[in-house]
Amino acid sequence: MTVLTGAGISTDSGIRDFRGPNGVWTLDPDAEKLFTIDNYLSDPAIRRRSWLARRENPAWGAEPNAGHLALVELERRGALEAVVTQNIDRLHQKAGSSPERVIEVHGNMVDAVCWDCGARSRTEDALARLDAGEEDPACLVCGGILKTATVMFGQSLDPEVLDAAILAAQACDVFVAVGSTLQVQPVAGLCGVALRHGAALIVVNRDPTPYDALAARVVRDPISEALPVLVDELTG
Numbered sequence: 388m389t390v391l392t393g394a395g396i397s398t399d400s401g402i403r404d405f406r407g408p409n410g411v412w413t414l415d416p417d418a419e420k421l422f423t424i425d426n427y428l429s430d431p432a433i434r435r436r437s438w439l440a441r442r443e444n445p446a447w448g449a450e451p452n453a454g455h456l457a458l459v460e461l462e463r464r465g466a467l468e469a470v471v472t473q474n475i476d477r478l479h480q481k482a483g484s485s486p487e488r489v490i491e492v493h494g495n496m497v498d499a500v501c502w503d504c505g506a507r508s509r510t511e512d513a514l515a516r517l518d519a520g521e522e523d524p525a526c527l528v529c530g531g532i533l534k535t536a537t538v539m540f541g542q543s544l545d546p547e548v549l550d551a552a553i554l555a556a557q558a559c560d561v562f563v564a565v566g567s568t569l570q571v572q573p574v575a576g577l578c579g580v581a582l583r584h585g586a587a588l589i590v591v592n593r594d595p596t597p598y599d600a601l602a603a604r605v606v607r608d609p610i611s612e613a614l615p616v617l618v619d620e621l622t623g
């Protein structure tokens with residue numbers, strides 16, 4: 388099985404999703420500007436807001452929930468091809484999923500990268516500089532614009548990472564889409580890739596998605612309850 392995970396798998400860990408009823412962008416549409424690369428690069432005020440938001444991100448103190456742990460169990464049973472995740476919180480790895488099986492298509496929040504020279508560092512070091520009084524910490528190598536190693540709107544996905552996700556979708560017998568609205572391309576299109584290569588599609592999500600009509604099964608139960616049951620059913 389290949390499992391695609393979106394923000395919904397982490398809500399039970401205290402991390403809000405983006406487009407749900409209480410999502411970050413639902414309650415504050417203006418916040419979406421913080422995730423758009425053109426705005427980030429051109430507006431120092433946006434960068435200052437972004438760094439404050441990063442510091443307050445609940446993911447820093449979050450713990451994996453039963454949904455994450457169910458995927459660890461799926462791997463332990465030898466039934467997992469890969470976890471393709473849209474999340475940047477690193478909770479799959481924290482739960483115990485093998486890092487080599489986790490494909491982070493939207494990057495991660497733990498690492499930081501310079502937009503100008505590409506130098507990589509740790510986000511926690513930039514946040515320490517924020518706490519020391521810097522509002523918009525710059526790259527220590529070249530003085531360029533620093534950001535987390537996440538993919539913002541307007542940025543292209545890493546071609547190698549996307550290729551790995553496509554191969555995982557092609558290789559599986561069952562493709563499970565969990566906690567994703569399946570509205571953001573090209574990642575949502577992995578469902579179609581899996582279907583074209585003969586996999587059965589299972590959608591686990593609270594709200595309807597564009598791929599529900601193509602799914603062999605749609606599960607609306609809470610993810611942290613549904614995934615352990617689903618893993619048992621599919622591997623029992």
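For this note's numbering, add 387 to where a residue sits in the sequence shown, where the first one is 1. Using N, Cα and C, we set each Cβ at its ideal position, and we do this for glycine too.
C-beta atoms of residue i and residue j nearer than 7 Å
i: SER611; j: ASN474; result: no
i: ALA342; j: VAL574; result: There is no way to answer for residue 342, as the model of the chain reaches only from 388 to 623.
i: VAL591; j: VAL565; result: yes
i: ARG434; j: ASP503; result: no
i: THR423; j: PHE540; result: yes
i: ASP560; j: ALA586; result: yes
i: ASN495; j: ALA446; result: no
i: LEU544; j: TRP438; result: no
i: LEU588; j: ALA603; result: yes
Whole-number beta carbon distance between residue j and residue i, since they are thought to touch under 8 Å
i: ALA499; j: THR510; result: 5 Å
i: VAL459; j: ARG477; result: In fact, because the Cβ distance is near 14 Å, the residues do not count as touching under 8 Å.
i: VAL606; j: ALA613; result: 5 Å
i: HIS455; j: HIS479; result: 6 Å
i: ILE402; j: ALA449; result: 6 Å
Beta-carbon contacts of residue i that lie in its chain and below 6 Å, excluding the five residues immediately before and after
i: LYS481; result: PRO451
i: ALA457; result: LEU614, PRO615, VAL618
i: SER508; result: ALA499
i: ARG464; result: THR622
Own chain partners of residue i with C-beta closer than 7 Å, once the 5 adjacent residues on each side are dropped
i: LEU569; result: ALA575, CYS578, THR596, PRO597, TYR598
i: LEU428; result: TRP502, ILE532
i: ALA513; result: ALA499, PRO524, LEU533
i: ARG488; result: GLU462, LEU467, ALA469, VAL470
i: GLY483; result: VAL459
Min CB distance residue i to chain D below 7 Å
i: ALA564; result: You won't find chain D in this structure, because it holds only one protein chain.
Other residues of its chain near residue i: CB distance less than 8 Å, five sequence neighbours each side excluded
i: VAL571; result: GLN473
i: LEU421; result: TYR427, ILE433, ARG436, SER437, ALA440
i: ALA442; result: The sequence given here places Arg at residue 442; Ala does not occur at that position. For ARG442, where only same-chain residues beyond five positions count, the Cβ hits under 8 Å are LEU514, LEU517, ASP518.
Whether or not the segment 465–480 and the segment 538–557 are in contact is what I'm after, with contact meaning three or more pairs of Cβ atoms, one per stretch, closer than 8 Å; do they touch?
yes
Identify every run of the alpha helix (DSSP H) within the segment 563–622, keeping only runs that are complete inside it and at least 4 residues long; order them along the chain.
577–583, 610–622
Every unbroken alpha helix (DSSP H) within the segment 494–531, with a cutoff of 4 residues, ordered by chain
510–518
Which residue spans inside the segment 441–502 form an unbroken beta strand (DSSP E) run of at least 3?
469–472, 489–491, 494–501
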